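In this note's numbering, the protein residues as written are 7 to 268. Ideal placement from N, C-alpha and C gives every residue a C-beta, glycine not left out. Just so we're clear, the structure is a prediction, and the values are computed from it rather than from any experiment. Structure first, then comments.
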C-alpha cells in the first residue's frame, strides 16, 4: 500500500473513532444550518481538525482544502493538496442513519493521486491510487458489466431544487420506464464508492463541491468506470456535476442526463 494512503487511512480511522462516539450519543451532536438545507455539526468540525492535524504530522507544508474550513491553507503554491470532507452525509449522521462517510483525496499538481472513503459504522474502507486500482478492505473492486438499464440500480446526489428539479425528475422517470431502479441514499462519496464496488450501475450528481466527489471519482476510475460532466467533457471536478457508470452504460446514461440536465 502506498505510504500516503496509509497516512490518509490513519487519519480517517482516528476521525472515525471520534465520529462513532458521537453517533452513539446523539445528545453530543449540535446541528446548525450553513445554508438552506445544508447542515453542519460540531462533530464535522472536530473530525476535520483530527484529520488535518494527523496528516500535518507527516506533511506540515501541504495544502488543505476542507469543507468546514477549520484548517487555513498552509501553502497555496504546494504541489500537493489534500481535499477533505469529514462527514459526507451530515444529515444522515445527525439522524443516526448509518450511510455517511469520511472522504479524503490527495491531488498532485491538480491530478487525483489517492483517495480514501471510510464508513465509520460499517468499517468499510475504500481506497484507490492512480494506476494501482481500487480496493475495499483489501479486496479488489470493479464496476459492473451490465449493458442495459433494465434491472440496474442508479443513484444520484446534489442540489436539484428550483430550476434543475424537472430535469432531474425526467432522468429518474426515463430510467424507471426502462425498468431501472433509483436510489438517493444521501452521501455522494458512498454512492461513488458503491458504483466502484459494483453495487450500483450508474450515478449522476449536480452542483457538488470538490470535497464531496474527489476521492469517489478516483475510486470509480480505478475500478474501471467512466466519468464525465453534463456536457460530455471532463470538467466534472470543477463543475461539481457528473455522470459516472460502467463503460457499457456510460454513453446511454450520459446522453439521458445531457438531454434533461445538460
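State the Cα-Cα distance for the pair residue i and residue j, rounded to the nearest angstrom.
i           : j           : result
residue 195 : residue 47  : 18 Å
residue 140 : residue 180 : 31 Å
residue 150 : residue 31  : 38 Å
residue 62  : residue 133 : 20 Å
residue 26  : residue 238 : 39 Å
residue 142 : residue 122 : 10 Å
residue 57  : residue 34  : 20 Å
residue 70  : residue 12  : 17 Å
residue 263 : residue 110 : 27 Å
residue 222 : residue 24  : 23 Å
residue 193 : residue 38  : 18 Å
residue 259 : residue 66  : 42 Å
residue 272 : residue 205 : Here the chain comprises residues numbered 7 to 268, so residue 272 is not present and cannot be evaluated.
residue 188 : residue 265 : 18 Å
residue 182 : residue 75  : 39 Å
residue 120 : residue 36  : 32 Å
residue 234 : residue 99  : 29 Å
residue 173 : residue 55  : 38 Å
Go through its chain and collect everything with a Cβ distance to residue i's Cβ below 6 Å, but skip five positions before and after it.
i           : result
residue 162 : 190, 210
residue 73  : 91, 217
residue 228 : 134, 139, 140
residue 131 : 124, 143
Kindly indicate which three-state DSSP category residue i falls into: helix, strand or coil?
i           : result
residue 141 : strand
residue 68  : coil
residue 132 : strand
residue 214 : coil
residue 241 : coil
residue 23  : helix
residue 91  : strand
residue 106 : coil
residue 340 : The question about residue 340 has no answer here: the residues shown for the chain are numbered 7 through 268.
residue 184 : coil
residue 165 : coil
residue 236 : coil
residue 57  : helix
residue 81  : Residue confidence for residue 81 is low, a pLDDT of 49 falling below 50, so the modelled location carries little weight; the figure read from the coordinates is stated next. Residue state, collapsed to three classes: coil.
residue 38  : strand
residue 265 : helix
residue 97  : helix
residue 8   : coil
residue 230 : coil
Does the separation of the CB atoms of residue i and residue j fall below 7 Å?
i           : j           : result
residue 45  : residue 97  : yes
residue 225 : residue 202 : yes
residue 125 : residue 155 : no
residue 199 : residue 89  : no
residue 85  : residue 51  : no
residue 207 : residue 147 : no
residue 87  : residue 118 : no
residue 1   : residue 8   : The structure shown does not extend to residue 1, since the chain is modelled only from 7 to 268, so the question has no answer here.
residue 28  : residue 49  : yes
Answer with yes or no whether the minimum CB distance from residue i to chain D is below 7 Å.
i           : result
residue 208 : The structure shown contains no chain D; it is built from a single protein chain.
Considering only residues of the same chain and omitting the five flanking positions on each side of residue i, which have a CB-CB separation below 8 Å?
i           : result
residue 231 : 149, 201, 202, 250, 251, 252, 253, 256
residue 16  : 60
residue 157 : 185, 186, 187
Any heavy atom of the ligand SAH closer than 6 Å to the Cβ of residue i?
i           : result
residue 139 : No copy of the ligand SAH occurs in the structure displayed, which carries no ligand at all.
Leaving aside the five residues before and after residue i along the sequence, list all residues of the same chain whose C-beta is less than 7 Å from its C-beta, in chain order.
i           : result
residue 165 : 212, 213
residue 268 : 236, 237
residue 64  : 13
residue 22  : 108, 124, 126
residue 10  : 112, 120
- Query: Can you find at least 3 beta carbon pairs, one from the stretch 241-253 and one from the stretch 208-224, that sit closer than 8 Å?
  - Reply: Here the stretch 241-253 makes contact with the stretch 208-224; the two share three or more CB pairs at distances below 8 Å.
- Taking three-plus beta-carbon pairs below 8 Å as touching, is the stretch 105-113 in contact with the stretch 169-178? Judged by pairs of C-beta atoms under 8 Å, the stretch 105-113 does not touch the stretch 169-178, as fewer than three such pairs exist.
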